[in-house]
Each structure stands twice: as structure tokens, then as C-alpha cells.
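Quick notes on the structure that follows.
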Amino acid sequence: MQDTAVTVGTGAPSRPAAQGRLARIWARHGAGYMFLLPWLIGFFGLTLGPAIASLYLSFTNFDLIRAPEWVGTANYARIATADPKFAAAVKVTFLYVVLSVPFKLAFALLVAILLDRGVRGLTVYRAIFYLPSLLGGSVAIAVLWRQLFAGDGLINSLLARFGIEGPSWISHPDYSIWTLVVLSVWQFGSPMIIFLAGLRQIPTDMYEAASLDGASKFRQFYKITLPLLTPVIFFNAVVQTIDAFKAFTPAFIISGGTGGPINSTLFYTLYLYQEAFGNFRMGYASALAWILVLIIGLFTAFSFLTSRYWVHYDD
Amino acid sequence: MTDATMSLVTAPPPAPPGRRGPIGSALVHAALIAASIAMIYPLLWMISASVRPEDEIFASTSLSPSSVDFSSYLRGWFGLDVSFGRFFWNSLVIAVLTVIGNVVACSLAAYAFARLRFAGRNFWFAIMLGTMMVPYHVTLIPQYVLFLDLGWVNTFLPLVVPKFLASDAFFIFLMVQFFRGIPRELDEAAMMDGCGAWRIYWKIMLPLSLPVLATAAIFSFIWTWDDFFGPLIYLNDMNSYTIQLGLRTFVDSSSTSDWGGLFAMSTLSLVPVFFFFLFFQRLLIEGIATTGMKR
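Structure, rendered in C-alpha cells:
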């Protein structure tokens, strides 16, 4: 982007010799920094500054009232060895990621492939499948979910028609996480749209050539579609996984803010919220935040390192 | 989001490789229709539950109520100490201010990154991309302390002011991509005519960038409207609650007693987002397809 940029605002090439050096520097770089100013203020004041402060707070006890008290690595030590709720939160969050992301991507890919091959009414189907994605982040949908999977909810009413008596899904520790997984999978619309865009980029002559060579549909999918789509699959997997690690609202609404029953929906972010804004353990919550960054960072690094073994880049 | 990628998303698909036979085609449609019904059944059921007589809500799995009764809307609207009109208004104010902040601040920064030359530009651009990866939890607590010290807690300021400082780096990135696609000859010609950076930004870049500005505005609105975490932390007084907080309070207070009112208000809370879905679907889908936005 360097070579093609234009210098704007420098004015006429020949300038009076009296003009000082500072003025020339300003004329050369000033406009850029003027336009960047709001972002720069935000970066230092709302991102970099707070991030450094958060790292400091993670080594303190801080309750918002008294000044932070330095405790060294005690917060991290407690997280690592003596916090069963942290262990529960990590377990629930990993379970959620491992269950929801593959199902969501599988659905997204399956439907995208069905839609890709010149189906009539594509735009209608696409709209219907995309709608839950758009609405799904709201409290209203979490409220609806809470009713759907309640003991006397819609799902059990439907099951009763087949003579099955369902449990109260949201208040059973073995099933509650599944209601959240279903909610996540229900929102497969946006990865589906990304898959559709990816499928469009696969040159059709590849399929034509394969057909001439007598390759079956299944073989074409396995040998052409899937390999050429791996960059998109990889992208979707990383984005959805990071998003799943950060999920908050559905667990908060469905469990009434508790993460219950028996911590079975205690998402990591929900635990962090409880520690920070329920118990006002701001130092401890800061340490939890940095552990989350570490987990997401490690996961991302791992994905990128392993990607070269399965993601197909042809150039 | 150049013309090429735009048409990639909206143009009819290329000649389908190996068209399905009539039976295959029917099977595909059957599967898609079944999936569609399963997907929107919960939504339709909620809407129908909101107009159903109270005693019928749990008894019925059908979508058509025996009689249509809007009384739960009235009950829900006044179901809490503060009416839902207030919550809707608060959400609207926050969302509109957020849209303005994001569009203005992000387009300024994007213009600098895409078109201006200054020392350190590539460095700042890399930093900006880096901020997109940082989970907000890391800055959450110090930001809260900062806004508490400023006396901003329980006002809309902590939710809105960061947007005027281009805190949603994602939109900067989106706009940079678009600005780079605008022919450079236009600003060069304007420069010859003596236009400065500001006039080029205002008279050339912005008018030519309406699609990307609209995309950013719509996503800003929807994300802010649906945001739960920010308001949960910063707004404690019911008079300043957003619609999402109002719904959450309603759930907790009424617990199972007034599902009709709860569904009525839930349905209403989805209306603005649904409106954008109906009228700007193309922009939304292009936005996702070309940038990989998560929603």
C-alpha cells in the first residue's frame, strides 16, 4: 500500500524558504495523523492503557473500593490449583466449543452444498437459513430457548405427541449444555453464507473435466470441492471457535445468571463476569481474562500451525 | 467488496455442474423445505404464542391460535415498573449514536490508512489489525474503573463514546478494503484542482462509499441493539435500561407467570432487526460473504 499512496495536502511543490522544518513535517504527515486522531486516542486510552492496567491488576487484590493490593502470582496460583469453579468453567466452555462448532460447520457446509447446485428459490432458502443467525444473539431468542426446553416447554409438548416424556432440559445438568449447543447450531446461517461464497469460486470446468473422466458425484465432492474449500473451512472454524469461547448471553439468560444447574452452563465469560461484577474480585477476574487470552491465543496458534497439513492453498 | 466480489455473491450461480434429475431435485427440495420449517418454527411459534389467549400457550404446539388476542402486548408493555417504551427509546438512542460514531470515526481512520501517506502508517495499520484479535475481556475491568472514575456509570457514555474513538476496528478494516477499490484518479484529479485531504474525504470518498457505510451502519445498529453485556455492566437504573436488559428483568421477575407478555415483548424487540433483514438483506449477506463477519 506504500507505493501507490498519494501525498495529500502538501500544496505547491515550491514553498517559501522561510517555512520552518516543523511546518514541512506537519504538511507531510499532519493530515494523516489528524484523520487518525480519534482512533489513536481510543487505542491508547481504551485498548493499550487498559490492557496494561489489566495485566497489573491481575497481580493484585482489587475490590474497586480500596487501592489494589499487590499479591504477586497468587491469583494465577489459585486459578491453577485451588479453584474448582475455574476448572468447571473451562470444562463447560471446551465442551461447548467441541460440540457446537463441528455440528454448526457441518450443517452450514451441508446446506451450502445443497443450495449451491442451482436450486430454485435459492434466495428464499438462504434468507430463511440466515435469519436465525441474525436474530440469535438477542435476549429474546435466549428467552424463547428457555421456554422451548423447559419441562413444560414446546419441545416436550412435541415429544409427548410421540409418547415420549422429556425431562426439563434446561434444569438437568446432563442436558443443559445441549440446549446451548442446539441454539448455536441453529445459527449456522452466516458460516453457510461464507461457504456459499467459497463454493462459487471453485471453477466449474474442474467438475466438467471430472465428469468426462467418469468421476462420481461423491468422488468429485471428495476430490475437488472439499480440498478447494479447506481455506474457507479453516477460516470458519477459527472464527466460530473464538466466538464460542467468548459466548455469554445465552448461558446467562438460560441459567438466570448462575451458570447452573451445578455449574453445567458456567461459560468461562459468565464465571469471569460473576467474579468481577458479582463478587467484585477485579484482580482475580483480570487474571481470568488473561488466561482466556492465553487459551484463545494458544488455540489460534495451534490452528495455524496444523493448518498447513490439511488446508489446501494452490498458490 | 469490489464489484467483482459483489457480483460473485449476488449473481446467479454459474452453470450448475451436472444438473440433478427430477427425483434428485425433488429430494433436495424436500430436505430444504423440512429444514426451513424446523428453523423458523420456534420463531413463528413465539409470535403466535404472543397473540394467544394466556391459558393456551403451553397447551398448543400449533402455529395458529384459536383466537387472536393482543392483550399480552399491553400487559407486557407495562409489565415492569418502567414501561417498555422507555427501554425501546434507550436502545434506539444508544444504537443511533453508535451508528454515527462508528461511521464517522471509522471512516476517518480508514481514509488515513487507505489514501494518506504519513510516517508510521503501516505500523499503525498492523496495530489496528492486532486490536481486532484482542478479546474485550482484557480491557473490560480497567475500562470499567476508568468510566466509574469519570462518573459515567449508569449513563450511555461508556457504551457510546468508545465508538466515536473508532473502537470497532473491524469496521475500519471493512472500509479500508472498500476505499482501496475506489479509483485513485478521482482523488488525484481533485488534488490537481486544489482540494485538500479533508475535501477529498468529504466530497469524493464518502459519497462513493455509501454501500460500505450502509453495511457498517446496519451491522453497528444490529449489534448494538442486541448487545447485552455492555448494558448489563454499565446500566443499573431501570430508567436507563435497554430493551435487552428490560427483557432479562422481565424473565427474572415474571419467571413462568406471564409468558404471553414476555413473548410479546420478545417479539417486539426483534422487529427492528427483522426490518433490516427484510430491506437490506443483500447488503447483510454481501457483508458476511466478503468479510467473514460472524453474524
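Which chain is which? The protein sequence lines are D and S, in order.
Those letters in the first sequence? Residues 0 to 314, per numbering that gives the first Met the number 0, in order.
Those letters in the second sequence? Residues 0 to 294, per numbering that gives the first Met the number 0, in order.
The beta-carbon is built from N, C-alpha and C at its ideal position, and this holds for glycine as well.
Since this is a predicted model, take the numbers as computed values, not measurements.
Contacts with chain S at 8 angstroms (Cβ-Cβ) do not include Phe217(D).
Contact between the region 77 to 91 of chain D and the region 165 to 180 of chain S is absent: fewer than three C-beta pairs spanning the two stretches fall below 8 angstroms.
Relative to the Cα of Leu73(S), the nearest Cα in the group Ile93(S), Glu55(S), Ser49(S), Ser63(S) belongs to Ser49(S). Spanning the alpha carbons of Met33(D) and Ser208(S) requires a straight line of approximately 21 angstroms.
Excluding the 5 residues flanking it on each side, Leu115(S) has same chain C-beta neighbours closer than 8 angstroms at Ala196, in chain order. In the three-state reduction of the DSSP assignment, Asn235(S) falls in the coil class, being assigned neither a helical nor a strand state. With contacts defined as CB atoms closer than 8 angstroms, Glu55(S) and Ser65(S) qualify as a contacting pair. At a cut-off of 4 residues, the continuous stretches assigned as alpha helix (DSSP H) that sit fully inside the region 74 to 128 of chain D are 83 to 115. DSSP places Tyr174(D) in no alpha helix (DSSP H); its state is neither H nor E. For Leu269(D), the CB contacts under 7 angstroms within the same chain, skipping 5 residues up- and downstream, are Phe247, Ala250, Phe251, Gly258 in chain order. Within the same chain, Cβ atoms closer than 7 angstroms to the Cβ of Pro271(S) are found at Trp224, the five residues on either side in sequence being excluded.
In the structure shown, the three-state DSSP call for Thr59(D) is strand.
Taken through DSSP and simplified to helix, strand or coil, Trp69(D) comes out as strand.
In this structure, the straight-line span from the alpha carbon of Asp251(S) to that of Val118(D) is close to 45 angstroms. In this structure, Leu282(S) lies away from Phe276(S), with their beta-carbon atoms at least 8 angstroms apart.
Counting C-beta pairs with one atom in each stretch, the region 232 to 240 of chain D and the region 66 to 77 of chain D have fewer than three that are closer than 8 angstroms, which means they do not touch.
Between Ser90(S) and chain D, the shortest Cβ-Cβ separation is not below 8 angstroms. Going by beta carbons, Met204(S) and Phe83(S) fall outside the 8 angstroms limit.
Each residue's CA atom was taken as its position, placing Leu91(S) and Val100(D) some 33 angstroms apart.
For Tyr72(S), the uninterrupted alpha helix (DSSP H) run begins and ends at 70 to 76, by DSSP.
One finds Val138, Ile252 in chain D with Cβ atoms closer than 7 angstroms to the Cβ of Arg247(S), taken in chain order. Exposure of Phe274(S) is indicated by the presence of fewer than 16 other C-beta atoms within 10 angstroms of its C-beta.
Within chain D, the residues whose beta carbon sits less than 7 angstroms from that of Pro161(S) are Gly41, Leu45, listed in sequence order.
Leu113(D) sits close to Ala30(S), with the two beta carbons spaced by under 8 angstroms.
Taken atom to atom, the span from the alpha-carbon of Asp173(D) to that of Ser183(D) is near 17 angstroms. Taking a contact to require three or more Cβ pairs closer than 8 angstroms, the region 273 to 290 of chain D and the region 46 to 66 of chain D qualify as touching. By the C-beta criterion, the region 228 to 237 of chain S is judged to be in contact with the region 140 to 153 of chain S, since at least 3 inter-stretch pairs fall below 8 angstroms. Straight through space, the alpha carbons of Gly260(S) and Val138(D) are spaced by roughly 15 angstroms. Against chain D, the CB of Pro157(S) has no partner CB under 8 angstroms away; the residue lies outside that interface. The beta-carbon separation of Ala288(S) and Ile193(D), rounded to 6 angstroms, stays under the 8 angstroms limit for a contact.
When secondary structure is reduced to three states using DSSP, Cys194(S) falls in the coil class, being assigned neither helix nor strand. Taking the beta carbon of Met45(S) as reference, the chain D residues within 7 angstroms of it are Leu143, listed in sequence order. Secondary structure note for Leu195(D): its alpha helix (DSSP H) is the uninterrupted segment 188 to 199.
Remark: C-beta atoms of Phe249(S) and Leu79(S) approach each other more closely than 8 angstroms.
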